[in-house]
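**Student:**
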Amino acid sequence: MEIIIEREDLLKVLLKAQGIIEKRNVMSILENILIDAKADRMDYAATNLEVGIYGSCEVQTIKEGRVVLLAKKTLEIVRELPEERISLKLKESTQGGGSTEIVCGKAVFNLISMDPKEFPSLPVYENVDLFSVDIDKIREMIKKTIFAASLDEKRHNLNGVFFEKAGKTIRMVATDGHRLSMMEKEDVEIEGFKLDKGIIFPRKGLNELKKILEDDKDNKKVYIGIKDNNCVFKVDRLSMVMRLLEGEFPDYRSLIPRDNDKKFVINKSRFINSLRRVSLVSEERLKPVKFYISTGKIGLRARNADYGEAYDEMEIDYRGPDLMMAFNAGYFVEVLNILDGEEVLIELKDALSPAVLKSNNGSHISIIMPMRA
Numbered sequence: 009m010e011i012i013i014e015r016e017d018l019l020k021v022l023l024k025a026q027g028i029i030e031k032r033n034v035m036s037i038l039e040n041i042l043i044d045a046k047a048d049r050m051d052y053a054a055t056n057l058e059v060g061i062y063g064s065c066e067v068q069t070i071k072e073g074r075v076v077l078l079a080k081k082t083l084e085i086v087r088e089l090p091e092e093r094i095s096l097k098l099k100e101s102t103q104g105g106g107s108t109e110i111v112c113g114k115a116v117f118n119l120i121s122m123d124p125k126e127f128p129s130l131p132v133y134e135n136v137d138l139f140s141v142d143i144d145k146i147r148e149m150i151k152k153t154i155f156a157a158s159l160d161e162k163r164h165n166l167n168g169v170f171f172e173k174a175g176k177t178i179r180m181v182a183t184d185g186h187r188l189s190m191m192e193k194e195d196v197e198i199e200g201f202k203l204d205k206g207i208i209f210p211r212k213g214l215n216e217l218k219k220i221l222e223d224d225k226d227n228k229k230v231y232i233g234i235k236d237n238n239c240v241f242k243v244d245r246l247s248m249v250m251r252l253l254e255g256e257f258p259d260y261r262s263l264i265p266r267d268n269d270k271k272f273v274i275n276k277s278r279f280i281n282s283l284r285r286v287s288l289v290s291e292e293r294l295k296p297v298k299f300y301i302s303t304g305k306i307g308l309r310a311r312n313a314d315y316g317e318a319y320d321e322m323e324i325d326y327r328g329p330d331l332m333m334a335f336n337a338g339y340f341v342e343v344l345n346i347l348d349g350e351e352v353l354i355e356l357k358d359a360l361s362p363a364v365l366k367s368n369n370g371s372h373i374s375i376i377m378p379m380r381a
């Protein structure tokens with residue numbers, strides 16, 4: 009195998025692959041990217057067995073063939089190479105694999121290569137029903153839900169984002185038991201796509217998809233299909249396949265309060281700044297901050313036996329009974345940062361009930377459970 013490729017093109021491919029590859033792999037072959045040189049293009053693939061990507065880019069092919077390269081080390085090398093064309097050439101061994109020569113200008117590297125036959129095959133879906141969604145829409149939905157997905161690997165069904173459709177509405181929901189975030193988009197054309205019940209996208213896969221969509225400036229649509237407990241996302245010449253999470257997602261509708269009657273609108277930026285200031289002296293892991301809500305104002309207080317205490321106050325348009333609640337300030341700041349607009353609607357009930365945060369457009373709702381005051 010021998011190809012010549014633009015440095016920028018190879019760098020983009022390696023960055024996409026590195027996002028998929030796990031830092032600690034049981035199988036050493038999974039630390040590699042597979043490159044398959046064809047007559048007029050280079051196909052590539054990377055996988056961690058849960059999430060995989062495959063795509064293609066234009067190259068000058070001198071000799072067709074396949075090679076696997078250590079993704080991280082190759083990325084480190086390419087980052088340091090000048091803005092010139094790069095030559096990749098496999099020097100085969102009789103035992104399979106061999107070494108790959110990387111040449112750019114006067115710089116020459118020879119990297120040990122494993123046998124391409126050891127690289128696991130990725131499911132390729134050519135005949136799966138696809139529906140398209142605007143990249144901007146799906147990117148926003150991921151951004152506004154994925155932060156609430158659980159990091160606890162024991163809670164497998166919460167390690168991702170729930171996805172469902174109803175008519176022309178698509179919805180994403182994530183929760184870790186302490187907070188919940190829901191985002192929906194209406195008037196999405198999904199004719200011909202069948203989804204009898206909701207599915208759970210893995211958090212790691214969606215994180216990498218979000219990065220790819222954020223970097224994509226040329227395409228307007230992403231195509232999505234479901235088959236054999238896998239989901240495929242297609243954008244131009246790149247496809248991502250991820251294994252759906254098993255298990256039942258909680259009934260999120262029952263978790264969203266419907267009777268929070270204490271409501272006020274608050275300036276988002278000022279509220280974020282106030283929470284950050286006060287939480288500087290709160291307990292570092294849980295960041296508990298007490299909210300004192302009364303007519304016309306909200307007070308924020310934090311205490312820590314090692315540091316002392318802090319208090320801040322803001323004016324709000326609130327007319328109702330006094331409330332005292334405690335929340336994780338970090339959770340509040342995280343939600344406020346992804347809500348649209350400069351003003352946020354906050355709905356409360358009592359010290360034991362979750363807070364509801366809404367953006368101006370009403371398509372995004374976040375729930376935050378209170379802490380013991």
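Reading the sequence shown from the start, the letters are residues 9 to 381 in the numbering used here.
Glycine is no exception: its CB is placed at the ideal position from the N, C-alpha and C atoms.
(1) Assign M35 to one of two classes, buried (16 or more other C-beta atoms within 10 Å of its C-beta) or exposed (fewer than that).
(2) Can you check whether the CB of M180 is closer than 8 angstroms to the CB of V196?
(3) Could you check where the beta strand (DSSP E) with G304 kicks off and where it finishes?
(4) Using only the alpha-carbon positions, how far apart do V249 and V230 sit?
(5) Per DSSP, V59 forms a beta bridge with which residues?
(6) S274 bridges to which residues according to DSSP?
(7) Measuring alpha carbon to alpha carbon, tell me which of R309, H186, T82, K31 ends up nearest F404.
(8) Which runs of the alpha helix (DSSP H) at least 4 residues long sit entirely within the stretch 107-181? Give them in chain order.
(9) Restricting to Cα atoms, I'd like to know which of I94, E30, G60 is closest to K80.
(10) Less than 8 angstroms separating the beta-carbons of I28 and T69?
(11) Please go through the same chain and pick out, in chain order, the residues whose beta-carbon is closer than 6 angstroms to the beta-carbon of I382, but skip the five residues on each side of it.
(12) Less than 8 angstroms between the CB atoms is what I'm expecting for P362 and I373, so what's the real figure, rounded?
(13) Contact defined as beta carbons within less than 8 angstroms: I believe E342 pairs with F155. What is the distance between those atoms, to the nearest angstrom?
(14) Taking Cβ positions, are I306 and I324 nearer each other than 8 angstroms?
(15) Helix, strand or coil: which one does DSSP assign to D320?
(16) Closest to K173 by C-alpha separation, out of V352, I234, G185, would be which residue?
(17) On the DSSP letters alone, give me the boundaries of the beta strand (DSSP E) that R211 sits inside.
(18) Assign N345 to one of two classes, buried (16 or more other C-beta atoms within 10 Å of its C-beta) or exposed (fewer than that).
(19) Under 8 angstroms, do M322 and Y300 count as touching if we go by C-beta distance?
(20) Is the Cβ-Cβ distance between V273 and F335 less than 8 angstroms?
(21) From the DSSP output, in three-state form, read off I29 for me.
(22) Based on Cα-Cα distance, which residue from G63, I12, I11 lies nearest to K24?
(23) In angstroms, rounded to a whole number, what distance separates the CA positions of R380 and E222?
(24) For K270, which residues from the same chain have a beta carbon less than 8 angstroms from its beta carbon, with the 5 sequence-adjacent residues on both sides left out?
(25) With distances taken Cα to Cα, identify the nearest neighbour of K152 among D204, N275, K193, E317.
(26) Would you report the Cα separation of K242 and K225, rounded to the nearest angstrom?
(27) Report, in whole angstroms, the separation of the C-beta atoms of E10 and K97, which I expect to be a contact under 8 angstroms.
(28) Under three-state DSSP, which class holds V196?
(29) From what residue to what residue does the beta strand (DSSP E) around N238 run?
(30) With three or more beta-carbon pairs closer than 8 angstroms as the criterion, would you say the stretch 310-322 touches the stretch 137-146?
(31) Taking 6 angstroms as the limit between beta carbons, can you name the residues of its chain near I146, skipping five residues before and five after?
(32) If H186 and Y339 are in contact, beta carbons under 8 angstroms, what's the gap, nearest whole angstrom?
(33) Considering just the uninterrupted stretch of the alpha helix (DSSP H) at F340, what are its terminal residues?
(34) What does the Cβ neighbour count give for R245, buried or exposed, with the cut at 16 atoms within 10 Å?
(35) On the DSSP letters alone, give me the boundaries of the beta strand (DSSP E) that E14 sits inside.
(36) Give the single residue among C65, D48, K46 whose Cα lies nearest to the Cα of L19.
**Tutor:** Taking the geometry as given:
(1) Counting from one through the sequence shown, the residue named residue 35 turns up at place 27. When all chains shown are included, M35 counts as exposed.
(2) Residue mapping note: residue 196 aligns to position 188 of the sequence shown, counting from 1. Residue mapping note: residue 180 aligns to position 172 of the sequence shown, counting from 1. No, the pair does not count as a contact, with Cβ atoms beyond the cut-off.
(3) As a working note, residue 304 is residue 296 in the sequence shown. No residue range can be given for G304, since it is assigned to no beta strand (DSSP E) and is classified by DSSP as neither H nor E.
(4) Taking the sequence shown and counting its residues from 1, one reaches residue 249 at position 241. Taking the sequence shown and counting its residues from 1, one reaches residue 230 at position 222. Their Cα atoms are separated by approximately 13 angstroms.
(5) As a first step, residue 59 must be located in the sequence shown, where it is residue number 51. Partner(s): M250.
(6) Within the sequence shown, numbered from 1, the residue matching residue 274 stands at position 266. Contrary to the premise, residue 274 reads as Ile rather than Ser in this sequence. DSSP lists V352 as partners of I274.
(7) Residue 404 cannot be examined here, being either before or after the span of the chain that is shown, 9 to 381.
(8) 143-151
(9) What you label residue 80 is simply residue 72 of the sequence shown in a count that begins at 1. Selected option, being the one with the closest Cα: E30.
(10) Position 20 of the sequence shown, counted from the first residue, corresponds to residue 28. Position 61 of the sequence shown, counted from the first residue, corresponds to residue 69. No. Outside cutoff.
(11) This structure gives no information on residue 382, because the portion of the chain shown stretches from 9 to 381.
(12) In the sequence shown, residue 362 corresponds to position 354, counting from 1. In the sequence shown, residue 373 corresponds to position 365, counting from 1. Contact flag wrong, Cβ pair sits at about 11 angstroms.
(13) Stepping through the sequence shown from its first residue, residue 342 is reached at position 334. Stepping through the sequence shown from its first residue, residue 155 is reached at position 147. So it is a contact: roughly 6 angstroms between Cβ atoms.
(14) Translated into positions along the sequence shown, residue 306 becomes position 298. Translated into positions along the sequence shown, residue 324 becomes position 316. In contact: I306 and I324 (Cβ atoms closer than 8 angstroms).
(15) Your numbering for residue 320 matches position 312 in the sequence shown. Reduced to three states, the DSSP call for D320 is strand.
(16) Taking the first residue of the sequence shown as position 1, residue 173 is located at position 165. When each option's Cα is compared against that of K173, the closest is I234.
(17) As a working mapping, residue 211 is identified with position 203 in the sequence shown. Element bounds for R211: not the beta strand (DSSP E) but the alpha helix (DSSP H), 211-223.
(18) Translated into the one-based positions of the sequence shown, residue 345 becomes position 337. It is exposed - the Cβ of N345 has fewer than 16 other Cβ atoms within 10 Å.
(19) Taking the sequence shown and counting its residues from 1, the one referred to as residue 322 is at position 314. Taking the sequence shown and counting its residues from 1, the one referred to as residue 300 is at position 292. The answer is no: Cβ separation not under 8 angstroms.
(20) Reading the sequence shown from its first residue, position 265 is the one you call residue 273. Reading the sequence shown from its first residue, position 327 is the one you call residue 335. Against a cut-off of 8 angstroms, the Cβ pair of F335 and V273 comes out as no contact.
(21) Indexing the sequence shown from 1 puts residue 29 at position 21. Coil, per DSSP.
(22) Start at 1 with the first residue of the sequence shown, and residue 24 comes out as number 16. Nearest of G63, I12, I11 to K24, Cα basis: G63.
(23) Your numbering for residue 380 matches position 372 in the sequence shown. Your numbering for residue 222 matches position 214 in the sequence shown. Each residue's Cα considered, the two are about 38 angstroms apart.
(24) Translated into positions along the sequence shown, residue 270 becomes position 262. Here the set comprises I301, Y326, G328, P329, L331, E355, L356, K357.
(25) Residue 152 sits at position 144 when you count from the first residue of the sequence shown. The residue with the shortest Cα to Cα distance from K152 is K193.
(26) Numbered from 1 along the sequence shown, position 234 holds the residue referred to as residue 242. Numbered from 1 along the sequence shown, position 217 holds the residue referred to as residue 225. Cα-Cα distance, rounded: 15 angstroms.
(27) Here residue 10 refers to the residue found at position 2 when the sequence shown is read from its first residue. Here residue 97 refers to the residue found at position 89 when the sequence shown is read from its first residue. Going by Cβ atoms, the distance from E10 to K97 rounds to 4 angstroms, so yes, they are a contact pair.
(28) Position 188 of the sequence shown, counting from 1, holds the residue named residue 196. Note: V196 maps to coil in three-state DSSP.
(29) Position 230 of the sequence shown, counting from 1, holds the residue named residue 238. N238 -> beta strand (DSSP E) spans 238-243.
(30) no
(31) Numbered from 1 along the sequence shown, position 138 holds the residue referred to as residue 146. V230.
(32) Mapped onto the sequence shown, residue 186 falls at position 178. Mapped onto the sequence shown, residue 339 falls at position 331. The Cβ separation is near 7 angstroms, so the contact holds.
(33) In the sequence shown, residue 340 corresponds to position 332, counting from 1. Run containing F340: 337-346, per the alpha helix (DSSP H) assignment.
(34) Working through the sequence shown from its first residue, we reach residue 245 at position 237. Its Cβ having fewer than 16 others within 10 Å, R245 is exposed.
(35) As a first step, residue 14 is located in the sequence shown; it is residue number 6 there, counting from the start. Residues 10-14.
(36) For the purposes of this step, residue 19 is taken as the residue at position 11 of the sequence shown. Considering only alpha carbons, the answer is C65.
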